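Just so we're aligned, residue 80 is where the sequence shown starts under my numbering, counting upward by one.
The beta-carbon is built from N, C-alpha and C at its ideal position, and this holds for glycine as well.
Keep in mind the model is a prediction, meaning the values are calculated, not measured.
The block underneath contains the structure these notes are about, expressed in C-alpha cells.
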Amino acid sequence: MDKILTAFCYTDIHNQQSMLDYPATVRKSLVAANELATAEFGLADLALVGGDNVSDYPHWNKSCALPKKNFLDLKGKMHACISSGVKDGKVLYVAGNNDMILGDIGTEENEPYNTTDFYDLMDAAFGELPEGEKTILISKEKPGELYWGAFHYTVNGIDFIGINIDPNTAFNSHEGYYSDETLIWVKNKLNEIDPDGKKPVFVVGHLSAICYYKEEKLNESMINGDRELFYDIFKGHKNAFYLYGHIHGEGYCYKNYSSGAVLHINDKNLPLDSNLKSENSRGKEYEFTLVHMGGLRPFGKQYFEEDGLTGYGGGSEPKYHSGTATPRLAQYMVLEVYPDRAVFHIRNTGNYEGYHRDDKLLPYTVYF
C-alpha cells in the first residue's frame, strides 16, 4: 500500500545557557537529526516538535532571563533548520514546561513576550485555524496574552492534535501540566473527528505518561494534573496515538528495537504487553497507544563532545558550558503512516557506543 505521510519527530532540544546568547546557536543534535532523517527518508510531509526548545538561562525558575531578540533569533534559526526537511514547511510546535517558564512575564528592562509563540509559523504553513479548531487559555500572570491550549490540523487526510501546557501552572511548578479545560476540549475533538473509534489520530504533547526507564522498568511519569482525565480522553479511540517528550537523556534511550518507545494501554490505564523486542503488533485489544519521540539532549558530561560554548548564559561573566556541546547520545523518531498501519523508527544522531548514528533500530509497526 502507498504511504500516506511521513513525519519527523524532534523533542527536548533544550537550547540553553550560552547557546541563547545573541546571536543564538541551535543545538547540533537537531541539525544532525534533520540531515540524517532527510537523507534516509527524503523530505517529510511535516515535522512534530515536542517542546522544551529553550531552558536554563540561567535557571528554570527565573523568568525573563532570556531577552526577546535572543528568542526571536533562536526561533528563526530553529525553524529554518527543521522546515528545510519538510516539503511545505509544515512544522507543528507544542510547548514544553521549560518553554512556558522562560522569558514569559517581562521586566522593566525586558519586553514581555510569549516563548511558546510559534503560532505565526504554524498559521503561515498550515493556514489560520477556523473557530472551533483551537482552544485559547489566558494566563493570570499575563491576562493580555493568549495561549493556545490545544489545536487540530489535518495533513494528507491524517488528523493531528497539538496539546500545550497550561500557562497558569508554569510559574509555580517545574513540570507544569495540562489544564482540565484543555483535556476536555481534546476529548471532545477526538469524539468529533473519530466518532466510530477507528480513525488514526495523533495527539502531540510534551508531558510524558507511562514509559520505560532503561528499557526495563515501567514508570508512571505524569506527576501533575488530572492523570485519570488525561488517559480517559483516548478511551474508545483504538487508533489514537499520544506522541510525547519530556523524558530524555541516557535513561530513556532505545537500543536495537524501536518498540521500547511504544506502549499499548488497556482499559485500566496500564500497558497491555511488554514489546521491547517486537517488530509489529496486530489485533491487540488495547484502548490507545503511547509513543515516546526520543530526546535530543543527554545529561552526563560523558555523553557530550568537547565543543561546548563559552558565553554569558544569563550570568555576569562568560564561562564554559559543557551541556551546550554536541550530544553523543541523542535520539529522534520518524513516523510513517500507511492506510493500514503506523510505523515508528527511532534513530540516533551521535557516536556513542551502541547508540551510533549508523545503528538502525528495527522499526515497530502498529496495525490499525
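Closest option to D305, judged by alpha-carbon separation, among L349, R376, N427, S258: S258.
As for any beta strand (DSSP E) of minimum length 3 sitting wholly inside the stretch 300 to 373, the runs are 319 to 323, 341 to 344, 367 to 371, ordered along the chain. In the DSSP annotation of this structure, the continuous segment of the beta strand (DSSP E) that includes A421 starts and ends at 420 to 427.
In the three-state reduction of the DSSP assignment, V265 falls in the helix class, which pools H, G and I. DSSP, reduced to helix, strand and coil, places P246 within a helical segment of the structure shown.
L414 places its beta carbon 9 Å or farther from that of L109.
Nearest C-alpha to C88 among E384, M301, N113, A404: N113.
When secondary structure is reduced to three states using DSSP, T117 falls in the helix class.
Annotated three-state conformation of A204 is helix, per DSSP. The C-beta of D346 has fewer than 16 other C-beta atoms within 10 Å across all chains shown, which makes the residue exposed. The beta carbons of T214 and F230 sit closer together than 9 Å. In the structure shown, the three-state DSSP call for T403 is helix. Burial is judged here by how many other beta carbons sit within 10 angstroms of a residue's own beta carbon; T85 has at least 16 and is buried.
When DSSP reads this structure, V165 sits in a beta bridge with A123. Just so you know, the alpha carbons of F367 and K277 end up roughly 11 Å apart. For H285, the number of other beta carbons within 10 angstroms of its own is at least 16, and it is reported as buried. Here DSSP, grouped into helix, strand and coil, assigns E396 to coil.
DSSP links D238 through a beta bridge to T233, V280. Three or more Cβ pairs closer than 8 Å define a contact, and the stretch 318 to 337 meets that threshold against the stretch 410 to 427. The residues T248, N303, G304, in chain order, have a CB closer than 6 Å to that of Y256 in the same chain once the five nearest residues on each side in sequence are set aside. Judged by DSSP in its simplified three-state form, S287 adopts coil rather than helix or strand. Collapsing the DSSP output to three states places G155 in a helix.
For M179, no beta strand (DSSP E) run applies; the uninterrupted alpha helix (DSSP H) run containing it begins and ends at 176 to 180, by DSSP. Comparing alpha carbon positions, the residue from A288, G390, L208, L408 closest to I240 is L208. CA-to-CA, the gap between C332 and Y136 works out to about 26 Å. Each residue's CA atom was taken as its position, placing T444 and A409 some 22 Å apart. For the pair A319 and D273, the CB atoms are nearer than the 9 Å cut-off.
S134 and L297 have their C-alpha atoms some 27 Å from each other. By the CB criterion at 9 Å, L269 and I312 fall inside the cutoff. For M412, the three-state secondary structure derived from DSSP is strand. Of all C-beta pairs linking the stretch 380 to 394 to the stretch 92 to 112, three or more are shorter than 8 Å, placing the two stretches in contact.
In terms of Cβ geometry, Y321 and T90 do not form a close pair [threshold 9 Å].
If you check the CB distance, L127 and F281 come in under 9 Å. Listed as beta-bridge partners of V445 by DSSP are S360, A421. Straight-line measurement puts the Cα of H325 at about 20 Å from the Cα of Y226. Under the DSSP assignment, G129 falls outside any beta strand (DSSP E); it carries neither an H nor an E label.
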